[in-house]
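Data block below; observations after.
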Amino acid sequence: MNGHPEVVIEASPRPALGRALRDLWAYRGTLLAFTERNVRIKYKQTLFGVAWVVLQPLAFMGVFTVALGHLADVPSGGVDYAAFSLSAFVAWIFIQGAVNLGANSLVLDAAFLRKVYFPREVPVLASVLASAVDFAAGLALFAVVGPFVGAELSLWSLLAPLIAVAVVFLAAGVSLLLAGLNVYYRDFRHALPFLLQLWLFASPVVYPLTVIPDRWRELYALLNPAAGLLDSFRRTLALGDPPDPTLLGLSLLSTVVLCAFGYWLFKRLEPNFADVV
Amino acid sequence: MPPAVAFQNVTKRYMRGDARYASLRAQLADTWSRTGMRLRRQALPERGTPALEDVSFALEEGESVALVGPNGAGKTTALKLLSRISYPSSGHISVRGRIAALIEVGSGLHPELTGRENVHLFGRILGMSRPDIARRFDQIVDFAEISHALERPVKMYSSGMELRLGFAIASHLDPEIFVVDEALAVGDAGFQVKCVERMSSLVREGRTLLFVSHDLPAAEALCSRAIFLNQGRLVEDGPARAVIARYLAWTDEQRHHVLDPASQAGRDLRIVGATLHDLSGEERYAFRPGEGLELRLRFEGERVLRRPHVNVGISDGRAGLLVQCSMLHDGEAPERVGPNWECRCRIDQLPLRPRLYQVFCDVYGESGHGVLTEWSQVSSFRVEGTLGAGPLAVSDLSTSGPVDVPYSWRVDEAGDA
Chain X
324 MNGHPEVVIE ASPRPALGRA LRDLWAYRGT LLAFTERNVR IKYKQTLFGV AWVVLQPLAF
384 MGVFTVALGH LADVPSGGVD YAAFSLSAFV AWIFIQGAVN LGANSLVLDA AFLRKVYFPR
444 EVPVLASVLA SAVDFAAGLA LFAVVGPFVG AELSLWSLLA PLIAVAVVFL AAGVSLLLAG
504 LNVYYRDFRH ALPFLLQLWL FASPVVYPLT VIPDRWRELY ALLNPAAGLL DSFRRTLALG
564 DPPDPTLLGL SLLSTVVLCA FGYWLFKRLE PNFADVV
Chain A
245 MPPAVAFQNV TKRYMRGDAR YASLRAQLAD TWSRTGMRLR RQALPERGTP ALEDVSFALE
305 EGESVALVGP NGAGKTTALK LLSRISYPSS GHISVRGRIA ALIEVGSGLH PELTGRENVH
365 LFGRILGMSR PDIARRFDQI VDFAEISHAL ERPVKMYSSG MELRLGFAIA SHLDPEIFVV
425 DEALAVGDAG FQVKCVERMS SLVREGRTLL FVSHDLPAAE ALCSRAIFLN QGRLVEDGPA
485 RAVIARYLAW TDEQRHHVLD PASQAGRDLR IVGATLHDLS GEERYAFRPG EGLELRLRFE
545 GERVLRRPHV NVGISDGRAG LLVQCSMLHD GEAPERVGPN WECRCRIDQL PLRPRLYQVF
605 CDVYGESGHG VLTEWSQVSS FRVEGTLGAG PLAVSDLSTS GPVDVPYSWR VDEAGDA
């Protein structure tokens with residue numbers, strides 16, 4: 324016999340986490356190929372190319388520093404508002420870009436869905452990973468530029484890359500959740516820019532987490548996992564402070580729940596993708 | 245030995261109509277009503293329209309099998325289930341070995357990436373490893389005939405180049421089981437020959453092949469076995485020649501549907517019958533190369549017509565007519581025809597090679613301008629013959645020039661002439 328194990332294709336296979344992860348591992352080559360392709364096409368035919376990794380957060384920082392830092396005098400936790408907002412924007416622009424690409428990836432790559440088998444989360448995760456490459460570049464950049472705009476780096480700053488990994492998982496969970504639904508109802512594509520805008524203003528990016536009254540903070544970090552993660556990311560990266568362990572823990576917990584739920588729902592919807600997309 | 249592929253009682257239903265674009269609200273309403281029925285313990289109606297119903301068959305390792313049948317028979321659905329692109333509604337399929345599919349050849353290449361980047365990334369997405377691609381890179385580029393445009397983005401390619409590249413990459417995967425859907429109708433005639441050759445070399449290498457094509461000669465040449473599907477059901481499974489003959493007999497029976505009375509309603513002149521006969525007058529739809537043929541057309545009109553010009557053409561499905569017999573040229577139009585009349589067009593000798601041909605017809609008015617019936621297919625026939633002995637006889641069968649002329653070869657040493 325040809326030595327290949329038998330694959331049985333059946334009606335609506337039940338999602339099982341172990342099997343799904345093994346299958347995903349077997350297709351890691353496809354995941355890397357999709358990721359590489361996404362990275363390559365991202366800045367094709369752009370004048371500034373990869374410089375956009377730097378320009379985007381700087382532009383956001385500029386706008387909000389003038390609008391909120393100077394005009395509205397939003398508190399910035401003891402450092403310059405520029406450093407305060409730039410650190411969070413490095414992470415936020417990743418979330419926004421990754422979710423935007425990830426949620427639409429199945430529709431954009433529908434040609435492959437109708438042509439070849441791979442676990443359908445591959446293009447979604449590849450979009451998040453491709454954005455994560457920019458995120459890593461942005462993080463490295465902040466280490467260089469940050470001190471010039473008033474960031475106070477300390478040993479705690481070494482924790483920031485680990486929190487960044489949690490942010491990547493958060494973006495992956497949200498992308499999986501939205502990508503699966505987007506295949507069925509393109510409504511999500513139209514609602515997405517609005518939802519992302521809403522999420523930005525519901526998260527401590529342009530304002531500090533301390534504007535939330537003390538007794539609500541824990542609930543806030545639990546309901547919006549971005550809150551605890553972004554706050555911790557900024558505290559370690561720009562303020563040189565340790566993260567708030569309770570808020571970080573609560574947000575990590577809800578990130579795990581969100582990833583699990585997003586993946587489970589995605590795998591539930593997966594068998595019909597090719598028929599519907 | 246267990247089979248390479250086994251379909252067991254496979255049924256596939258697609259969501260009915262355009263449910264895919266149904267609004268969220270309609271979907272919620274549907275779910276609500278089904279839940280209500282479930283609570284009342286009523287039987288739930290089956291969802292969706294069936295594309296395949298209770299289909300079972302198995303492919304042995306190294307077998308090449310053609311799926312034949314009319315459009316909508318479920319052929320493509322079967323391929324999609326096998327390649328795990330879509331899932332069955334019930335039943336199951338077992339597969340041993342890696343599968344590669346040539347489906348929608350040409351889609352999936354990224355327009356912004358260069359030809360070189362596309363070979364690497366598209367190949368890896370389709371499941372090739374990096375060393376595999378490195379090893380076959382030159383072969384793929386040669387096959388696609390794009391070596392001059394490797395560093396250009398694919399959006400600057402002609403559509404033919406894009407299709408060739410898509411086919412070249414997908415057909416250089418190295419699977420045990422190959423699934424091919426209408427992939428041979430790619431590019432120009434020269435490239436089609438290469439595609440059929442590529443397929444037959446894969447068959448000779450002993451790959452398992454499941455092949456869907458409307459190109460029946462190619463199917464018959466490539467495959468030892470065929471399965472005839474119609475309306476989602478398996479009609480016949482057996483040796484390719486016999487099953488394809490059965491399928492052709494079935495299409496003969498459907499031939500009267502070609503003349504759709506509804507589309508001609510309200511016209512002053514309608515084609516009500518079209519039959520083919522051999523020169524002795526017997527009705528036939530299969531001929532040998534060089535035989536004669538007579539087309540008998542029956543018309544029904546509202547009034548007596550003066551000098552109607554009948555125009556008949558034969559095509560092999562590619563662009564342009566191979567044979568045209570036209571009263572517009574000959575100036576032979578009958579002076580007067582009554583409301584019901586018959587017209588015979590006799591071709592003494594048909595210099596056509598084995599293939600399926602379509603017969604078209606229209607009628608012009610007395611001046612040769614106004615169209616009395618639309619140009620439409622009225623019949624079809626098949627020329628049957630044996631394969632040549634040359635190395636490309638198989639691919640020639642479906643792609644070579646269809647006109648057969650009497651000819652001979654003579655080769656001499658130049659010095660002796």
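Chains as they are written, first to last, in the working numbering: chain X, 324 to 600; chain A, 245 to 661. Just so you know, even glycine gets a beta-carbon here, dropped at the ideal spot from N, CA and C.
Between the CA atoms of residue j and residue i - distance to the nearest angstrom
i                      : j                      : result
residue 337 of chain X : residue 574 of chain X : 29 Å
residue 354 of chain A : residue 439 of chain A : 22 Å
residue 265 of chain A : residue 545 of chain X : Confidence at residue 265 of chain A is low in this model, with a pLDDT of 46, below 50, so the placement of that residue should be treated as unreliable; the coordinate-derived value is given next. When rounded, the distance between both Cα atoms is 35 Å.
residue 387 of chain A : residue 251 of chain A : 34 Å
residue 370 of chain X : residue 357 of chain X : 24 Å
residue 597 of chain X : residue 315 of chain A : 20 Å
residue 602 of chain A : residue 561 of chain A : 7 Å
residue 679 of chain A : residue 626 of chain A : In the structure as shown, chain A begins at 245 and stops at 661. Residue 679 of chain A is therefore absent and cannot be evaluated.
residue 453 of chain X : residue 362 of chain X : 5 Å
residue 610 of chain A : residue 527 of chain A : 31 Å
residue 380 of chain A : residue 364 of chain A : 10 Å
residue 566 of chain A : residue 347 of chain X : 53 Å
residue 482 of chain A : residue 302 of chain A : 12 Å
residue 496 of chain X : residue 577 of chain X : 11 Å
residue 432 of chain A : residue 405 of chain A : 10 Å
residue 372 of chain X : residue 379 of chain X : 12 Å
residue 402 of chain A : residue 525 of chain A : 49 Å
residue 511 of chain X : residue 589 of chain X : 15 Å
residue 535 of chain X : residue 478 of chain X : 27 Å
residue 541 of chain X : residue 425 of chain A : 57 Å
residue 386 of chain X : residue 400 of chain X : 19 Å
Residue i, buried or exposed, once every other Cβ within 10 Å from all chains shown has been counted against 16
i                      : result
residue 360 of chain X : buried
residue 399 of chain A : exposed
residue 553 of chain A : buried
residue 390 of chain X : exposed
residue 461 of chain X : buried
residue 555 of chain A : buried
residue 361 of chain A : buried
residue 253 of chain A : exposed
residue 368 of chain A : buried
residue 425 of chain X : buried
residue 359 of chain A : buried
residue 550 of chain A : exposed
residue 440 of chain X : buried
residue 325 of chain A : buried
residue 548 of chain A : exposed
residue 330 of chain A : buried
Cross-chain neighbours of residue i in chain A, by beta carbon under 7 Å
i                      : result
residue 541 of chain X : Under the 7 Å cutoff, chain A gives no residues; its nearest Cβ is about 34 Å from residue 541 of chain X.
residue 435 of chain X : 352 and 369
Within chain X, partners of residue i - CB distance below 7 Å
i                      : result
residue 258 of chain A : 598
residue 356 of chain A : 364, 367 and 368
residue 365 of chain A : 356, 359 and 360
residue 361 of chain A : 363
Contacts that residue i makes with chain A (C-beta to C-beta distance below 8 Å)
i                      : result
residue 345 of chain X : Neighbours of residue 345 of chain X on chain A: none; closest Cβ ~16 Å, over 8 Å.
residue 503 of chain X : Chain A residues near residue 503 of chain X: none, gap ~14 Å exceeds 8 Å.
CB contact below 9 Å: residue i versus chain B
i                      : result
residue 343 of chain A : Within the model displayed, chain B is absent; protein chains X and A are what it includes.
Proximal chain A residues relative to residue i, where beta-carbon distance stays under 9 Å
i                      : result
residue 353 of chain X : 368, 369, 370 and 371
residue 530 of chain X : None at all; the shortest Cβ gap to chain A is about 34 Å.
Beta-carbon neighbours of residue i, restricted to chain X and to distances below 8 Å
i                      : result
residue 348 of chain A : 434, 437 and 438
- Message: By the 8 Å beta-carbon criterion, what residues does the stretch 327 to 338 of chain X contribute toward chain A?
- Response: 327, 328, 329, 330, 331, 332, 333, 334, 335 and 336
- Query: Taking a cut of 9 Å between CB atoms, which residues from the stretch 355 to 386 of chain X lie near chain A?
  - Reply: 355, 356, 357, 359, 360, 363, 364, 367 and 368
- Query: Between the stretch 578 to 598 of chain A and the stretch 538 to 546 of chain A, are three or more C-beta pairs nearer than 8 Å?
  - Reply: Short answer: they touch.
- Listed from N- to C-terminal order along the chain, which residues in the stretch 401 to 428 of chain X have their beta-carbon within a distance smaller than 7 Å of any beta-carbon of chain A? none
- Cβ contact (3+ pairs, closer than 8 Å) linking the stretch 480 to 490 of chain A and the stretch 329 to 342 of chain A: no
- Query: Is the number of C-beta pairs between the stretch 346 to 363 of chain A and the stretch 401 to 421 of chain X that are closer than 8 Å three or more?
  - Reply: Touching, no.
- Message: Closer than 9 Å between beta carbons: that is the criterion. Which residues of the stretch 324 to 344 of chain A meet it against chain X?
- Response: For the stretch 324 to 344 of chain A, which is checked against every Cβ of chain X, the residues closer than 9 Å are 324, 325, 326, 327, 328, 329, 330, 331, 332, 333, 334, 335, 336, 337, 338, 339, 340, 341, 342, 343 and 344.
- Tell me, please, whether the stretch 412 to 425 of chain A touches the stretch 444 to 456 of chain A by the rule of three or more beta-carbon pairs shorter than 8 Å. yes
- Query: Going along the chain, which residues of the stretch 570 to 600 of chain X sit with their C-beta nearer than 7 Å to a C-beta in chain A?
  - Reply: 594, 597, 598 and 599
- Task: Answer yes if the stretch 484 to 504 of chain X comes into contact with the stretch 583 to 592 of chain X, meaning at least three C-beta pairs across the two stretches below 8 Å, and no otherwise.
- Result: Yes: the two stretches touch, three or more of their Cβ pairs being nearer than 8 Å.
- Message: Pairs of beta-carbons, one from the stretch 311 to 330 of chain A and one from the stretch 466 to 475 of chain A, closer than 8 Å: are there three or more?
- Response: yes
- Item | Interface residues of the stretch 437 to 465 of chain A facing chain X [CB-CB below 8 Å] | Hits within the stretch: zero.
- Message: Any C-beta of chain X within less than 7 Å: which residues of the stretch 609 to 630 of chain A qualify?
- Response: none
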